[in-house]
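Reading through the structure tokens given below for one structure.
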Amino acid sequence: MRGLIEGSELGVTLPHEHVLMSMAYAFPATDPEATRPITMDQLGVLRNDMMRNVNTITLDESSDPMGELAKARQAGVDTIVDLTPPELGRDPAGLGRISDTTGVNIICGTGHYLRLQQRPGTRRLIDGSPAEAIAEPMIRDLTEGIGDTGIRAGVIGEIGLFSPVHPGELKTLEAAVLAHRATGAPLFVHLMEVPIAEHALEVLSRTEPDWERVVFCHMDFDIRDLTWHRRALERGINVEFDFFGNTWWPHGWYLHFPTDPQRLAALSRLADEGYAAQLLVSHDVCTRLQLTAYGGFGYGYLRSVVPGMMEALGLDTTLLDRFMVENTRRVLTG
Numbered sequence: 002m003r004g005l006i007e008g009s010e011l012g013v014t015l016p017h018e019h020v021l022m023s024m025a026y027a028f029p030a031t032d033p034e035a036t037r038p039i040t041m042d043q044l045g046v047l048r049n050d051m052m053r054n055v056n057t058i059t060l061d062e063s064s065d066p067m068g069e070l071a072k073a074r075q076a077g078v079d080t081i082v083d084l085t086p087p088e089l090g091r092d093p094a095g096l097g098r099i100s101d102t103t104g105v106n107i108i109c110g111t112g113h114y115l116r117l118q119q120r121p122g123t124r125r126l127i128d129g130s131p132a133e134a135i136a137e138p139m140i141r142d143l144t145e146g147i148g149d150t151g152i153r154a155g156v157i158g159e160i161g162l163f164s165p166v167h168p169g170e171l172k173t174l175e176a177a178v179l180a181h182r183a184t185g186a187p188l189f190v191h192l193m194e195v196p197i198a199e200h201a202l203e204v205l206s207r208t209e210p211d212w213e214r215v216v217f218c219h220m221d222f223d224i225r226d227l228t229w230h231r232r233a234l235e236r237g238i239n240v241e242f243d244f245f246g247n248t249w250w251p252h253g254w255y256l257h258f259p260t261d262p263q264r265l266a267a268l269s270r271l272a273d274e275g276y277a278a279q280l281l282v283s284h285d286v287c288t289r290l291q292l293t294a295y296g297g298f299g300y301g302y303l304r305s306v307v308p309g310m311m312e313a314l315g316l317d318t319t320l321l322d323r324f325m326v327e328n329t330r331r332v333l334t335g
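So the sequence shown is numbered by the working numbering: it starts at 2 and just counts up by one.
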């Protein structure tokens, strides 16, 4: 957000976070209780159903992003990739102010998110346009700037695919690859269920991206079977485990959600198989429940807590620097 920087200045990087965002459009408040301030007695209930309160799914000035990123900076975080798409309230100017104040580099994204969270006008545009036309605004964001902010996006994504995958989402992914090929920007693909990778791989195989600059996000949603992880890694794609420190159990979706020790064991196993250079880690902070002010671990957890966890598990702690420094630098700079 503070202009171009050298790859060596990226330092410790969180490749998948949200600093300013809101999911309120897709999940509007339906009763008065849904808009009241979050209090301690609600935290347990909201972790089970975060959509019950619109404040839970909104990160803005009132959630103290300056303070949260200052804590991340103290923990050793140098750079954050904010993958908030326009559908979730992307705010490059706001991110710029936060970056200037905290000293944390923030890289902004471009592209479209899940069909279910798109406004009617965006859906009509995607349905009625070829991939080339959908790619044009992404290319402008990356090369000229986002709107009149003068701030350029640095990555593409997160491009949303959800189950069942909508044809418009696949077309948007195709457009994102066109923007990626035109600009060289890395591409982050949101896969909320790991088998959706099959659909993404089909589009990518047709459109021929630079596989080493593609990231499959949320691949730690389910790690009981690593088949799709290995298929992606074999193609050269980067696999991201980005739910570290997350304790959600919404609507029964995450009953198979792994613990952090299980995530670390799976990462260590994949690293031992020769894929250490393609693995990324992050927190995907996107609710207030994940912030330190609301009892969460914040943006510094991977630096302040996870190293000790790895030591206790007998795992190689040097892998963290590889994931958060070397691998992120390669993905972001080529």
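Ideal Cβ placement from N, Cα and C applies to all residues, glycine included.
Since the model is a prediction, treat every value here as computed from it, not as a measurement.
Scanning the segment 259-300 from its first residue to its last, the whole beta strand (DSSP E) runs of 3-plus residues come out as 280-282. With fewer than 16 neighbouring CB atoms inside 10 Å of its own CB, H257 falls in the exposed class. Collapsing the DSSP output to three states places N54 in coil. In its chain, beyond the 5 residues on either side, I140, L143 and T144 have a beta carbon closer than 7 Å to the beta carbon of T184. DSSP places N106 inside the beta strand (DSSP E), whose first and last residues are N106 to T111.
Under the three-state reduction of DSSP output, L117 falls in the helix class.
Residue pairing by DSSP puts M22 in a beta bridge opposite L60. Leaving aside the five residues that flank P93 on each side, the residues in its chain whose CB is nearer than 6 Å to its CB run, in chain order, C109, I147, T150 and I152. Here N239 is bridged, per DSSP, to V216. By the beta-carbon neighbour count (other beta carbons within 10 angstroms, threshold 16), R232 is exposed. The alpha-carbon of A267 is positioned some 29 Å away from that of I58. The three-state reading of DSSP puts H191 in strand, counting E and B together. Boundaries of the alpha helix (DSSP H) harbouring L202: A198 to T208, taken from the DSSP string. Distance from L321 to L303 at the Cβ level is roughly 7 Å; contact confirmed, criterion being Cβ atoms closer than 8 Å. Looking at the backbone, the Cα of D261 and that of G129 are separated by about 43 Å. Apart from the 5 residues on each side of it in sequence, G12 sits with its Cβ closer than 7 Å to the Cβ of D79, T80 and V326 in its chain, given in chain order.
Counting the other Cβ atoms within 10 Å of the Cβ of G169 gives 16 or more, which makes it buried. One alpha carbon belongs to V195, the other to F242, and they sit about 11 Å apart. If you compare the alpha carbons of E34, V204 and M22 with that of L60, the shortest gap goes to M22. Residue burial is scored here from C-beta neighbours: Q75 has fewer than 16 other C-beta atoms within 10 angstroms and is therefore classed as exposed.
Residue state for E7 is assigned as coil, using DSSP reduced to three classes. In the DSSP assignment, V156 falls within the unbroken beta strand (DSSP E) covering V156 to L162. Residue pairing by DSSP puts D83 in a beta bridge opposite E18 and C109. Inter-residue distance for V215 and G77 is about 26 Å (C-alpha atoms, whole angstroms).
In this chain, the alpha helix (DSSP H) harbouring H181 covers P168 to T184. The C-alpha of A198 is placed about 11 Å away from the C-alpha of T228.
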